[in-house]
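Have a look at the structure below before the remarks.
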DNA sequence: CGGTGTCTTGAATACCATCAAGTCTTGTGG
DNA sequence: CCACAAGACTTGATGGTATTCAAGACACCG
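Residue numbers (the working numbering), protein chains in the order written: chain A, 1115 to 1367; chain B, 1115 to 1367.
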């Protein structure tokens, strides 16, 4: 299931094309659905779905939120993204891989001046909520609010995990953990073939390198050993876990 | 200004000893004060200060929050702490240095099952709010709520910075940045002597190592070069920045 | 006074980065 | 259809950064 770059770049999608997030099968945390429900109970209006707020980013494109776009809270509907920081020397660090259903960053909800740059790994469809709108709705619906706060805590938890990984673990461990974590997150979203343990895997070597704090060449070497020892099969935009126990053992999980 | 281990260990302090956080000069973010104000306007009762909720942890002691203590939100009143994760192989990673005025972790506010282990670097005095109590008060006072959310966003921001540091920067850069960041945070709290650029610095070599993902011996070597090149003077529980510009240059800030 | 804990410094080693050459694929234009 | 260029990946050689091991200095304390 390959995603090809399309011609459109970050344009609003016509309302009739949008399905609404209640129909978004990939949206496991169902943040959009929660907001839709909140709007419903608040306004007694089922039709409020903010369809004009869905946007596309084509693969490899980088979007910087902040300044102009600072009153918007983006939630990924489809595709893979990466929250990235670029250092002064030009090297990059991926803070988080963004999967369907993820809020790009909790900071947008709480902080009007939040900044964040995201790279689209595949084509990405995302929903941009108006910040003030969303806040008002969440404050009116404690249940939806709790969902967003949980997502926030989870985001921080994964950040803390990554800190421990980068600070104290070897290259093989970091990469195995990245794969293992992505597998878990995709499974929760129903995006993992549970019998074959196969999943979409659009990450290039340099993405893995930027996510694990390694060089692309070393990532390549580590993946070679993982492949040769029969732990995973990786290629063609998909990844298959062949030896689940061994992977878990290497990932220390 | 050295902090010496006292005999008491994590015991409630008698109410008459407690000053209340409005008097806590170090509390720059004034979270406690915000809560006190919220309680005041909510209950029309100036005396509500929860004095029985202030506790002491003696230096080097480790406290694990979770399970039994899971309905409590701790805020540091005095002393330095460290939020720590211990890996399966026994190595440690410091996620965050906790200074007076810091909430130990935002997760406690939002997630009833949050876990977190904290090591007291010096003797630490902290205030333990009842979670449900605090939440009720914050929901009633939007202003205080905003303060806590800001603290949450800042906490996440520092975590992201640390990820980039551990993933992509050299030992010297990491240590210089740690010092620089601590200096900034202490300055905001009025805990930095602004003329001499001197500050309390109770971190041992192994604390710096655990915070930067390095080994204690290498920390020692890097600090030697920083000392010999006249950037900082460090010892006796305090640190003095001798060459502010050079430090900032090394820290890339 | 020996014991313990912290720090320092040097030497040997491990891990990973960088450099470089080569393969394979993909896309482009002749 | 083929030649060519560009990009992604692989693999080996070399070197740098940080770890580990080890020994010694120093302060503190019972």
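We put the CB at the ideal spot given by N, CA and C, even for glycine.
Work out the CA separation of residue j and residue i for me, nearest whole Å.
i: residue 1340 of chain A; j: residue 1346 of chain A; result: 6 Å
i: residue 1158 of chain B; j: residue 1260 of chain B; result: Any reading at residue 1158 of chain B must be qualified, since the residue scores a pLDDT of 45, below 50, and its modelled position is unreliable; the value itself is stated next. For residue 1158 of chain B and residue 1260 of chain B, the distance between alpha carbons rounds to 21 Å.
i: residue 1171 of chain A; j: residue 1357 of chain B; result: 46 Å
i: residue 1351 of chain B; j: residue 1352 of chain A; result: 53 Å
i: residue 1232 of chain B; j: residue 1221 of chain B; result: 14 Å
i: residue 1234 of chain B; j: residue 1266 of chain A; result: 26 Å
i: residue 1125 of chain B; j: residue 1239 of chain B; result: At residue 1125 of chain B, the pLDDT of 44 sits below 50, so the modelled position is not reliable; the number obtained from the coordinates is stated separately. Distance between the alpha carbons of residue 1125 of chain B and residue 1239 of chain B is about 10 Å.
i: residue 1368 of chain B; j: residue 1270 of chain A; result: Any answer about residue 1368 of chain B is impossible in this case: the structure gives chain B only from 1115 up to 1367.
i: residue 1367 of chain A; j: residue 1284 of chain A; result: 14 Å
i: residue 1182 of chain B; j: residue 1190 of chain B; result: 20 Å
i: residue 1212 of chain A; j: residue 1296 of chain B; result: 31 Å
i: residue 1314 of chain A; j: residue 1349 of chain A; result: 10 Å
i: residue 1338 of chain A; j: residue 1312 of chain A; result: 18 Å
i: residue 1236 of chain B; j: residue 1237 of chain A; result: 50 Å
i: residue 1202 of chain B; j: residue 1255 of chain B; result: 42 Å
i: residue 1169 of chain A; j: residue 1208 of chain A; result: 22 Å
i: residue 1268 of chain B; j: residue 1206 of chain A; result: 21 Å
i: residue 1145 of chain A; j: residue 1286 of chain A; result: 34 Å
i: residue 1316 of chain B; j: residue 1173 of chain B; result: 10 Å
i: residue 1241 of chain A; j: residue 1210 of chain A; result: 18 Å
Does chain B have any CB closer than 8 Å to the CB of residue i?
i: residue 1277 of chain A; result: yes
i: residue 1295 of chain A; result: no
i: residue 1263 of chain A; result: yes
i: residue 1211 of chain A; result: no
List, in chain order, every chain A residue whose beta-carbon is nearer than 7 Å to that of residue i.
i: residue 1313 of chain B; result: Those do not exist, as residue 1313 of chain B stays about 24 Å from chain A at its closest Cβ, beyond 7 Å.
i: residue 1282 of chain B; result: 1201, 1205, 1207, 1327
Please classify residue i: is it buried, with 16 or more other beta-carbons within 10 angstroms of its beta-carbon, or exposed?
i: residue 1281 of chain B; result: buried
i: residue 1310 of chain A; result: exposed
i: residue 1359 of chain B; result: exposed
i: residue 1333 of chain B; result: buried
i: residue 1342 of chain B; result: exposed
i: residue 1178 of chain B; result: exposed
i: residue 1219 of chain B; result: buried
i: residue 1335 of chain B; result: exposed
i: residue 1228 of chain A; result: buried
i: residue 1195 of chain A; result: buried
i: residue 1308 of chain B; result: exposed
i: residue 1355 of chain B; result: buried
i: residue 1298 of chain B; result: exposed
i: residue 1214 of chain B; result: buried
i: residue 1302 of chain A; result: exposed
i: residue 1320 of chain B; result: exposed
i: residue 1216 of chain A; result: buried
i: residue 1180 of chain A; result: exposed
i: residue 1344 of chain A; result: exposed
i: residue 1193 of chain B; result: buried
Answer with yes or no whether the minimum CB distance from residue i to chain A is below 8 Å.
i: residue 1300 of chain B; result: no
i: residue 1365 of chain B; result: no
i: residue 1115 of chain B; result: Residue placement at residue 1115 of chain B cannot be trusted, given a pLDDT of 38 that sits under 50; what the coordinates show is reported in the next sentence. So no, residue 1115 of chain B is outside the interface.
i: residue 1356 of chain B; result: no
i: residue 1362 of chain B; result: no
Am I right that residue i and residue j are in contact with their C-beta atoms under 8 Å? What's the rounded C-beta distance?
i: residue 1248 of chain A; j: residue 1187 of chain A; result: 5 Å
i: residue 1167 of chain B; j: residue 1243 of chain B; result: 7 Å
i: residue 1290 of chain B; j: residue 1364 of chain B; result: 4 Å
i: residue 1226 of chain B; j: residue 1184 of chain B; result: 6 Å
i: residue 1263 of chain B; j: residue 1288 of chain B; result: The pair is not a contact, with the Cβ atoms about 29 Å apart (cut-off 8 Å).
i: residue 1292 of chain B; j: residue 1325 of chain B; result: 6 Å
i: residue 1199 of chain A; j: residue 1274 of chain B; result: 7 Å
i: residue 1245 of chain B; j: residue 1294 of chain B; result: Contact doesn't hold; Cβ gap of about 34 Å is too wide.
i: residue 1230 of chain B; j: residue 1258 of chain B; result: Wrong, their Cβ atoms sit about 22 Å apart, outside the cutoff.
For residue i, return the contacting residues in chain B, with the cut-off set at a CB-CB distance below 8 Å.
i: residue 1267 of chain A; result: 1220, 1221, 1224, 1225, 1228
i: residue 1273 of chain A; result: 1270, 1273, 1274, 1277
Which chain A residues are close to residue i, counting only those with a beta carbon under 9 Å from its beta carbon?
i: residue 1249 of chain B; result: Within chain A, no residue comes near residue 1249 of chain B; the closest Cβ sits about 10 Å away, beyond 9 Å.
Residues of chain B with CB under 9 Å from residue i, in chain order?
i: residue 1110 of chain A; result: Here chain A covers residues 1115 to 1367 and nothing more, so residue 1110 of chain A does not appear.
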